[in-house]
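Residue numbers for the sequence shown follow UniProt numbering, so the first one is 1 and each next one is one higher. Built from N, CA and C at the ideal position, the CB exists for glycine as well. For clarity, every value in this text was computed on a predicted model and none was experimentally measured. Structure first, commentary second.
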Amino acid sequence: MQVWGLVGRSPFPPSSSGKAREGSRRIPTADAHLLRTAGIIEDALSTITGGWIIPFSVVVEKTTGLRRRWIAWPRDKNRDDPYEVHAPLLHISHYLPPVMAEAASCLNLKASFFHFSLPRETRHLFRCRVEDGTLVELTRHPMGYKASPEILQIIITSAIAGVTTVAHFLWAAPPLVRDDVWIDDIRSAWSRSDATLWEAQVLRNADSCHASMGEDRESGAMQ
């Protein structure tokens with residue numbers, strides 16, 4: 001099962017920048033072949049293009065030698081950023097319930113978010129052309145996009161955790177379970193009787209998405 005099957009709605013809104021404009025930069029033919037082989041790009045469908053990306057690559061130095069990293073920037077910059085983080089002033093009290101809960105669990109998403117594909121209905125927002133004019137679209141979320149990797153990771157982790165504001169109601173956590181997600185960490189608080197059942201469900205969700213989870217569970221009555 002794809003991770004997006006856990007999500008109640010598409011996390012990517014329609015383009016709000018008006019008519020999409022194509023950039024002049026194109027993917028070299030040799031690079032396009034490698035990207036196709038890796039499953040990162042594919043031929044665009046017949047749907048209307050909703051957004052363009054500017055593809056380029058940079059060379060980074062690793063311990064194993066030089067490595068080229070392919071990056072895609074958005075063609076248009078939107079004024080409204082739907083992924084802007086709002087930190088409430090009372091954020092400390094927001095985390096008190098897990099501290100005082102009868103039982104708590106901490107799970108960590110080990111698999112990279114790049115292992116997850118973009119929903120097919122959103123791929124028309126990430127298009128560009130190859131040197132020969134072929135229209136292609138991304139199958140995975142690109143580095144450098146305005147929705148930062150951390151925000152996408154939060155969406156994925158929240159879906160696996162069953163956060164009610166993200167996950168489909170069939171996969172959402174029970175009302176008495178308190179889930180707090182930060183990047184790739186899931187911290188949950190609940191009654192002792194529900195702890196084992198829900199933690200097992202989260203691990204099943206991760207397994208169905210082929211995501212690896214670390215586990216560091218602590219349970220006990222809190223005074």
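- In this structure, residue 42 lies near residue 139, with their beta-carbon atoms less than 8 angstroms apart.
- Annotated three-state conformation of residue 212 is coil, per DSSP.
- The Cβ neighbour count for residue 55, taken over all protein chains shown within 10 Å, is at least 16; the residue is labelled buried.
- Straight-line measurement puts the Cα of residue 124 at about 29 angstroms from the Cα of residue 207.
- Assignment of beta-bridge partners to residue 181 by DSSP yields 186.
- For residue 127, the enclosing beta strand (DSSP E) begins and ends at 127-129.
- Shown here for residue 25: same chain residues with a beta carbon closer than 7 angstroms to its own, the five before and five after excluded, namely 54, 55, 56 in chain order.
- Per DSSP, residue 31 lies in no beta strand (DSSP E); the unbroken alpha helix (DSSP H) holding it starts and ends at 29-37.
- In the same chain as residue 164, and ignoring 5 residues on each side of it, the C-beta atoms closer than 7 angstroms to its own belong to 172, 173, in chain order.
- For residue 48, there is no enclosing beta strand (DSSP E), as DSSP marks it with neither H nor E.
- Looking at the DSSP output, residue 136 bridges to 43, 128.
- Secondary structure at residue 167: strand, using DSSP grouped into helix, strand and coil.
- With contacts defined by Cβ atoms closer than 8 angstroms, residue 161 and residue 181 form a contacting pair.
- For a cut-off of 8 angstroms, the C-beta gap from residue 135 to residue 44 is around 4 angstroms, short enough to register as a contact.
- Distance from the Cα of residue 188 is smallest, within the candidate group 179, 194, 51, for 179.
- Residue 24 carries a coil assignment under DSSP once its states are collapsed to helix, strand and coil.
- For the set 117, 121, 199, the Cα lying nearest the Cα of residue 38 is the one of 117.
- When 191, 196, 130, 212 are compared, the shortest CA-CA separation from residue 34 is found for 130.
- In the structure shown, residue 197 falls within a helical segment according to DSSP collapsed to helix, strand and coil.
- Around the CB of residue 200, fewer than 16 other CB atoms lie within 10 Å, so the residue is classed as exposed.
- Residue 159 sits buried, since 16 or more C-beta atoms from the chains shown fall within 10 Å of its C-beta.
- Residue 27 is classed as buried because its beta carbon has at least 16 other beta carbons within 10 Å across all chains shown.
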